[in-house]
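Everything in the sequence shown is counted per our numbering, starting at 32 for the first residue and increasing by one.
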Amino acid sequence: MLLGVDTGGTFTDFVYIDDVGVRIHKVLSTPQAPEEAILQGIEELGVDNKQLLIVHGSTIATNAVLEKKGVRCCFVTNHGLADMLTIGRQARKELYDLNPKPQEPPVPFELCLETGGRVSAKGDVIEPLTEAQIDQLVTQIKQLTPRSVAINLLFSFLNDEAEKRLEQAMPDDIFVSRSSKVLPEYKEYERGMATWLNAYVGPLVTGYLQRLTQSVKASSVSVMQSSGGTIAAEQAGEQAVRMLLSGPAGGLMAALHIGQRAGFENLLTLDMGGTSTDVALLDGAISLTNEGKVGGYPVAVPMVDMHTIGAGGGSIASVDAAGLLCVGPESAGASPGPACYGRGGKKVTVTDANLYLRRVSKNHFLGGDLELDIAASNCAMEHLARELGCEPNQAAQGVIKLANEHMARALRVISIQRGIDPRPYALMTFGGAGGLHVCALADALGMRTAIVPVYSGVLSAFGMLAAPRSRELSRSLLGELSSMPPAKIEQGFAGMVAQGEVELMSEGVARDDIELRYLVDLRYVGQSYTLPIIWTGVDDAVNSFHKMHKNRYGHDLDLPVELVNLRVTLSGEMPKPCLDEKSKRTENDELTSELEGTLRIYQRQHLKPSDVISGESLIVEQVATTYLAPNWQCELDSFGNLILTKY
């Protein structure tokens, strides 16, 4: 029995699959103790914990970074480099500000410690690390009482003996993050940030996963990684930095799987939840990046290439000092939630605006399980309208238009701003609120096709069940590619493959079931940035690099190509669960609808592939609603997906 669990800022989503079929469920999240919502959902589903294979997407690492609520952490580096994370790359957000405010250092100065020992750029020991220096450092750390320590020494990706000695000397009750294990690549700042982030959230993730596994008592608990693969909960805590996009990665895995089955490989995806919205572009595969950011911090570990904004169903509408309407990024979350939830919320949210415009059915919200407080929602909307000096209907329209513009701008960032015309693509929206905005967003980008997949409100939880067990390993190997001995490259790959196979086999993946994908990071000699290239050999890699450089930057150069990093992805494919939804309408029954105000309401579970719905209407289901705008029509495909087309 499989259970996918996606913990979001507002709701926790469940997809349960057994021999009988698929069951889906939602409960309000419990941010202070996320495992409580999971236990509540399992209890309400009425399933046997001990038989469950759980795959979980968690936001605990993400929230700790965004809210700056990680643990007290010491950062250890070589003499003279204590300011490494503070100085960074000297980049700043306000490029044209003549009096820029200094950014808050990620680690307070008193927690940045220096120690002896030094390795050269070739990995040779210049100054050995002495036992006295180690003892002195350990004494300092004990006096500072941190919960974790991040160790990042120069050129540790070439020689990590000093880092290992420091790690072994640390007290047993301190979480240790070692850079040569977290990210054995060159560039000490990016490696240091990844190592610090891992230490900053590692104890929180480890403690949470221990509480979760002890509470649910399932036969297996796996965790979604930011790269789109899964890892056993027992190993996930040591690599907490790889969980920063745990939930959103599940949605992309599902979108790719469903899009390929439905015949749509080129997709713009939009995952709109209660707190935030994630957008991505899929060209037949999920794109990974090593240049992602979370909370303004660079994260150099592989993660899905997506763009996130603070606009969701729970985003709060307010009026600024100039009397202008604002939507987000503040969210009402699960508690108190939107005003219409009747849990004490007093402020208008995007959900309240959709309810006021009758795009959310008061009788069918969450399958009718959550009774909406219409009076509280209307009262909040009237108060907002008075602040704006307009009618409540105009205020509601304004909230929706502004939220749509925020999301449309995000979609343009990952398409038009990268030189990609979005019009030939299909827009796939999911998440609890995605279907309410799909037509408006497609119109904003000139797209004529959109998809609302089956069980769209819990799609990320389904994607976690479709994700493979995986490892992404890397190591730096610098040198001009044409003069690099092939045996040295093969040796580098072989070492990573051996390590990855041991880790996956320990999680029950057979060696014969492990698929390998080799990549290299290349650049022209003299450049500082790299491009990832699939590795099949030197000549193919060089040719591919020239082509990609020209496509990305508009030119290629007659310069030698330099190798920077080796990368290998190992994945053990899991059986893909089927999410096809069969209509509950018998063969001879006519398609019926009900009227709520001026809108026709259709039950999605009663639709069949032959049905076509045109014009303004609502299509409701257990965990989501799709608003079909004027001049749009909708048809159910053979897999249960809603295919929307502009006419």
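Just so it is clear, CB atoms sit at the ideal spot from N, CA and C, and this is done for glycine as well.
Per DSSP, reduced to three states, the secondary structure at H586 is coil, with no helix or strand assignment.
When the beta-carbon positions are compared, M337 and A497 stay at least 8 Å from each other. At least 8 Å separates the beta-carbon of N190 from that of V483.
Under the criterion of beta carbons closer than 8 Å, G477 and R454 qualify as touching, at roughly 5 Å. 8 Å or more divides the Cβ of L490 from the Cβ of L472.
The beta-carbon separation of S257 and V310, rounded to 16 Å, does not stay under the 8 Å limit for a contact. For secondary structure counted as the beta strand (DSSP E) over 3 or more consecutive residues, the stretch 250-328 holds these complete runs in sequence order: 251-255, 261-263, 297-303, 308-314 and 323-325.
Taking a contact to require three or more Cβ pairs closer than 8 Å, the stretch 247-256 and the stretch 218-227 do not qualify as touching. Beta-carbon to beta-carbon, G359 and G341 are separated by about 5 Å, close enough to satisfy the 8 Å threshold. A direct Cα-to-Cα measurement between H56 and Q71 gives close to 11 Å. Contact check for T38 against G101 fails: the beta carbons are separated by 8 Å or more. Contact check between the stretch 626-642 and the stretch 659-673: three or more CB pairs, one atom from each, fall below 8 Å, which counts as touching. Taking the Cβ atoms as the reference, L184 lies roughly 7 Å from G148, within the contact range of under 8 Å. By the criterion of a C-beta distance shorter than 6 Å, V232 is surrounded in its chain by A92, A95, G101 and A271, once the five residues flanking it on both sides are discounted.
CA-to-CA, the gap between E413 and V381 works out to about 14 Å.
A residue is called buried once 16 or more other Cβ atoms fall within 10 Å of its Cβ, and L401, having fewer, is exposed.
Between the beta-carbon of L601 and that of V528 there is about 7 Å, and that keeps the pair under the 8 Å contact cut. When the Cα atoms are used, L547 and W566 turn out to be separated by approximately 11 Å. Burial check for T176: the Cβ neighbour count within 10 Å stays below 16, so the residue is exposed. DSSP places W566 in the coil class of the three-state scheme, outside both helix and strand. Straight-line measurement puts the Cα of R449 at about 40 Å from the Cα of E422. For H56, the enclosing beta strand (DSSP E) stretches over residues V53 to L59.
In its own chain, leaving out the 5 sequence neighbours on each side, no residue places its CB closer than 7 Å to the CB of Y127. DSSP places T629 outside both helix and strand once states are collapsed to three, so it counts as coil. Sixteen is the threshold: since fewer than 16 other Cβ atoms of the shown chains lie within 10 Å of the Cβ of L129, the residue is exposed. With fewer than three CB-CB distances shorter than 8 Å, the stretch 542-556 does not count as touching the stretch 281-296. The beta strand (DSSP E) runs of length 3 or more contained entirely in the stretch 123-185 are, from start to end of the chain, 143-146, 156-158 and 179-182. For the pair F42 and G465, the CB atoms are not nearer than the 8 Å cut-off. Of the residues Q82, G531, Q63 and E67, the one whose Cα lies closest to the Cα of D50 is Q82. Our two residues, T108 and V325, have alpha carbons roughly 23 Å apart in a direct line. Looking at the DSSP output, G35 sits in a beta bridge with V46 and V86. For V540, DSSP assigns no beta-bridge partner whatsoever. Residue environment for P279: buried (at least 16 other C-beta atoms within 10 angstroms of its C-beta). In the DSSP assignment, C357 forms a beta bridge with S349. Counting every other CB atom within 10 Å of its CB across the protein chains shown gives I317 a total of 16 or more, marking it as buried.
Assignment of beta-bridge partners to R479 by DSSP yields no partner.
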